[in-house]
Amino acid sequence: MKRLLYFFFILLTGCTSEKKPFVEKVLLTDGWEFQKIDAGRESWHKAFVPGSIHTDLLKNKLIPDPFHGCNEKKLQWIGQSDWKYRKTFCADSGLLQKQNIRLVFEGLDTYARILLNGEKVLETNNMFRKWSVNIKPFLREGENLLEVVFSSAEEQYLKDSLALDYPLPGGKWVFARKAACHFGWDWGPKYVTAGIWKPVYLEIWEKHSIVDIHLSTTSITPERAVIKGSVSVHSSGEEKAEIKVKNLLSKKNLYIEKVMLHPKKEAIHFTFSLEDPILWWSNGLGEPYLYPFEIIISGESGYEYSQQIDYGIRTIELVQERDEYGQSFYFKLNGEKIFIKGANIIPPHSFMTEVTREQYAGLVQLAAKSNMNMLRVWGGGVYLDDDFYHLCDKHGIMVWQDFMFACAMYPGDTAFLENVRQEAEHQVKRLRNHASIALWCGNNEIDEGWKNWGWQQQYKLSAKDSAMIWGNYQRLFHQLLPEIVTRYDNQCHYIPTSPLNGWGRKESMTFGDSHYWGVWWGKEPFEIYLEKVPRFMSEFGFQAMPALSTIRTMQPPEEDSLFSSSIRCHQKHPTGFETIGLYLEREDLFPKTLEHSIYFSQLVQAKGIGMAIEAHRRAMPYCMGSLYWQLNDCWPVTSWSGTDFYGNQKALQYEVEKCFKDILVSVVMKNDTGSVYLISDRLKPVDGLLELQLTDFHGKNIWRYERASLIPACTGKHVLSFSRKGILAGHDPAACLLKATFRTEEDSYESTQFFTSYGKLQLSDAELNYTILPSDDGFEIEISSDNFAAFVYLYAESSPLVFSNNFFHVRPGEKTFVKCTTNLTLEDFGQQLKVKHLKVYLGEGI
Ligand code: BMA
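When you line the sequence shown up against this note's numbering, it's residues 2 to 847, in that order.
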């Protein structure tokens with residue numbers, strides 16, 4: 002008999018050793034096994050919990066790498082099968098005497114039956130809920146058998162759709178409270194996972210259990226911030242207790258009070274204040290200051306509960322007001338109207354249990370380094386882990402949080418709505434103490450889909466069924482979810498959907514937020530971005546290929562060709578490569594090899610999205626936000642991401658970093674007229690010197706302009722216009738570049754403008770010289786060139802590498818230093834590093 006020891010550990014930080022915790026937790030993550038439901042008696046394999054069936058099969062070497070080649074096609078049977086997990090654990094007489102013993106699953110994906118000693122104790126149908134059940138009546142002294150039986154979410158879809166007498170537009174995710182993208186998306190594989198995807202444990206308590214703590218700031222003045230708190234508690238007996246709020250940094254007690262805990266008291270309410278509060282600011286505007294509060298509840302009997310909450314004092318408002326143009330959409334942080342800069346984030350892995358804290362940290366730090374102040378957690382994925390939101394608090398990245406509904410019409414029966422209510426309550430309560438949470442949004446593109454995507458005809462919906470489906474939509478997104486946000490998170494706004502209007506409608510440019518997909522889906526030229534400027538752009542994007550080292554993980558080098566079968570299997574948009582090709586042609590770029598495709602697609606993506614971001618910022622305050630699609634990937638793929646699955650930054654990511662700096666000098670050409678704008682996000686006016694310099698590629702000066710300029714706080718202004726013909730004075734436009742620089746006392750901001758497509762540039766051959774110098778955590782590369790070298794590209798063939806700068810220009814006589822953090826040895830790094838530039842790719846061979 003396998004006897005598993007259970008161990009106690011103190012649930013939350015801060016409990017002193019003499020005090021006993023209110024609630025003891027016994028982790029049940031070890032010793033799990035799994036098998037296919039119809040497999041024979043012997044075929045049990047070791048399971049890793051938290052995990053998923055796909056990762057368990059992979060770790061047991063029972064399936065090939067799901068991300069390699071076209072393996073996705075071969076592995077669909079996993080999602081269509083049912084699976085069983087089991088483990089045993091031991092309960093001694095001491096445990097059985099405890100008053101309350103609950104089995105808690107922080108997350109089950111998705112349709113599961115839980116049996117304890119052969120008896121069903123729980124049935125689940127929502128991966129976004131926390132499930133907990135009293136198991137005291139089912140426990141035995143000695144060995145206990147815990148089984149979790151997962152039924153296929155795909156099969157469940159078939160059952161659910163048969164039970165409904167009309168079709169629901171969208172996809173196979175409509176009934177399942179499960180990440181929509183598990184069923185395949187236009188950037189992700191179809192892996193319909195199942196598994197115990199979050200920790201599982203026993204929760205044991207005698208008298209009291211603290212369910213939840215909520216803090217909210219009720220008023221802020223420069224002298225004082227007032228914070229209201231409430232602690233939800235379950236008690237099975239009476240007890241005198243003390244509640245204390247401490248600032249762990251100053252070691253000061255902010256609140257102490259005696260309370261009486263008893264079965265009828267469901268919450269303890271308290272209020273405390275802070276003198277001279279330090280506010281939480283978003284990245285770029287100030288310090289995202291967090292107060293380390295500890296909330297301690299100690300009972301007379303020696304039991305104690307304590308929790309640390311790193312709390313930010315701030316106000317965030319979303320202002321949607323009718324105005325002369327339509328309806329505004331802007332955020333105010335601490336009373337200041339701010340321009341939002343950021344991206345949409347998708348699940349960082351197809352198998353979410355594989356995402357480490359380091360990976361979350363990498364993504365949030367990337368957002369901060371890219372000068373972003375907001376990420377939108379997109380509604381077709383998952384509510385992310387606590388770690389992610391803590392990191393956003395710490396780095397000043399505000400979070401636009403979608404509820405997990407996307408691109409489909411959902412059911413409206415009572416059971417479904419109740420399931421969603423429980424999910425939403427759990428998620429809002431889990432996330433509401435985070436300073437970073439800025440907005441709750443009901444869904445992604447459902448209102449737009451219903452009104453613009455022709456679903457009614459496609460699914461042949463009768464007028465009656467249409468009315469019912471739309472009624473259900475209203476109940477869910479216009480009643481249920483806003484009620485929950487209002488009740489549980491009074492600090493944040495709710496919007497039912499994003500975008501407010503479909504991109505084909507003219508109102509999408511004047512009312513609320515917009516997803517502009519005329520570029521890419523509509524195949525319009527990038528220049529349309531200069532005209533299609535909405536009040537807030539919450540999605541727009543263009544695809545590029547990932548780095549060569551990422552492609553190497555999908556296929557061996559001998560399979561390299563422009564679009565091998567593996568590369569095609571890792572492109573999920575039906576006409577993805579054709580669309581990329583069309584835009585490359587417009588830029589006079591014609592790839593001959595895989596490497597050309599990678600480099601050219603990245604250059605063109607960066608150019609298009611950079612143009613859009615600059616247009617949005619120039620239009621401030623009419624337009625007050627720019628969130629491009631998409632920050633990251635969930636597997637190695639050609640997609641809209643700025644950074645690929647293994648962390649290689651595409652040209653876009655470097656471009657974004659420049660375009661999102663607090664000050665932007667932007668030059669825009671329309672026919673013969675060039676216009677120069679200066680834009681600042683700073684909360685105070687800024688003085689500086691604007692310099693424009695037109696040179697040929699050999700560095701010869703053709704035209705120069707200089708002027709002192711003051712940019713008012715938080716706005717953009719047009720500084721001057723020029724005639725292209727005039728400044729070129731007969732020089733070949735294809736051999737010149739215009740550099741615009743704005744210098745402040747501390748910093749300098751630059752932008753470069755060419756006058757023809759990239760493919761037509763008359764670049765001379767340039768020989769790059771580079772030296773690799775070892776540095777603390779990697780290498781520094783010093784680069785120079787004998788001639789002007791455009792878009793210098795550093796990469797490695799087989800290792801993911803992140804460079805401090807990339808896709809930059811090197812002028813003769815200048816030295817550029819680039820850092821690379823890596824564990825590679827000097828020899829390996831030297832062998833792997835490739836340094837190329839545009840002229841090389843435009844030439845015959847590379
Ligand atoms: C957006 C998103 C996703 C999709 C992307 C690219 O509208 O909401 O549904 O992946 O477009 O097509």
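Beta carbons: idealized from backbone N, C-alpha and C, even for Gly.
Predicted, not measured: the structure shown is a model, and the values here were computed from it.
Asked                                                                                                                                                                 : Found
Measure the Cβ-Cβ separation of Ile102 and Leu140 and say whether it is below 8 Å.                                                                                    : yes
State the DSSP-derived secondary structure class of Glu288, mapped to helix, strand or coil.                                                                          : coil
Taking the straight line between their C-alpha atoms, what separation do you get for Gln457 and Glu449?                                                               : 13 Å
If you reduce the DSSP assignment to three classes, tell me which class Phe8 lands in.                                                                                : Reliability fails at Phe8, whose pLDDT of 35 lies under 50, so the model's placement of it is uncertain and no value is given.
Thinking just about the alpha-carbon of each residue, which of Tyr517, Tyr489, Asn491 and Gln492 is nearest to the one in Ser499?                                     : Tyr517
Give me the Cβ distance between Tyr842 and His597, rounded to the nearest whole Å; I'm assuming they're in contact under 8 Å.                                         : 6 Å
Could you pull out every unbroken beta strand (DSSP E) segment of at least 3 residues lying fully inside the segment 700-750, listed in chain order?                  : 702-712, 716-724 and 737-744
Quick check: Pro497 and Thr551, are their CB atoms within less than 8 Å of each other?                                                                                : no
Leaving out five residues on either side along the sequence, give the residues of the same chain with a beta carbon under 8 Å from the beta carbon of Asp311.         : Leu291, Tyr292, Pro293, Phe294, His391, Asp394 and Lys395
What whole-angstrom Cβ distance do Asn374 and Lys342 have, given they're in contact under 8 Å?                                                                        : 5 Å
Out of Asn118, Tyr158 and Lys430, state which residue places its alpha-carbon closest to the alpha-carbon of Gly80.                                                   : Tyr158
Hey, could you find the ends of the alpha helix (DSSP H) Phe578 is sitting in?                                                                                        : Gly577 to Arg587
If you reduce the DSSP assignment to three classes, tell me which class Met469 lands in.                                                                              : helix
Which residues in the same chain as Leu665 place their Cβ atom closer than 6 Å to its Cβ, once the five residues preceding and following it in sequence are excluded? : Arg618 and Ile680
Pick out the complete alpha helix (DSSP H) segments inside the segment 96-164, 4 residues or longer, and give them in chain order.                                    : 154-164
Going by the beta-carbon positions, is the gap between Ala368 and Ile398 smaller than 8 Å?                                                                            : yes
Run the proximity test for Asp187: is its beta-carbon closer than 7 Å to any non-hydrogen atom belonging to the ligand BMA?                                           : yes
Taking only the alpha-carbon atoms, compute the straight-line gap between Gln763 and Phe809 and give it to the nearest angstrom.                                      : 17 Å
For His391, report the span of its alpha helix (DSSP H) as first-last.                                                                                                : Asp387 to His396
Do Ile599 and Leu549 have their C-beta atoms within less than 8 Å of each other?                                                                                      : yes
Just to confirm the assignment: which complete alpha helix (DSSP H) runs, minimum length 4, are found wholly within the segment 237-313?                              : none
Provide the residue span of the beta strand (DSSP E) that contains Met538, from first to last.                                                                        : Phe537 to Glu540
Quick one: measure Cβ to Cβ for Ile447 and Val400, integer angstroms, because I've assumed they're closer than 8 Å.                                                   : No, Ile447 and Val400 are not in contact; Cβ-Cβ is about 20 Å, not under 8 Å.
Under 8 Å, do Glu204 and Val122 count as touching if we go by C-beta distance?                                                                                        : no
So, using beta-carbon positions, are Val534 and Met510 closer together than 8 Å?                                                                                      : yes
In the DSSP assignment, find the alpha helix (DSSP H) that holds Lys75 and state where it starts and stops.                                                           : Asn72 to Lys75
Could you say which of His732, Ala730, Gly731 and Leu721 lies nearest to Ala741 if we only look at CA atoms?                                                          : Leu721
Using three-state DSSP, classify Tyr771 as helix, strand or coil.                                                                                                     : strand
Buried or exposed, going by whether 16 or more other CB atoms sit within 10 Å of the CB of Ser642?                                                                    : buried
Below 8 Å between beta carbons: does that hold for Val836 and Leu802?                                                                                                 : no
Per the DSSP calculation, Gly689 is bridged to which residue(s)?                                                                                                      : Ser710
In whole angstroms, what is the alpha-carbon distance linking Glu318 and Leu146?                                                                                      : 51 Å
Could you check what DSSP says for Ile447 in three-state terms: helix, strand or coil?                                                                                : helix
Find the nearest neighbour of Val677 within the set Arg683, Lys685 and Val668, judged by alpha-carbon distance.                                                       : Val668
Does Gln402 come out as helix, strand or coil in the three-state DSSP assignment?                                                                                     : strand
For the 8 Å Cβ check, are there 3 or more pairs between the segment 619-637 and the segment 525-540?                                                                  : yes
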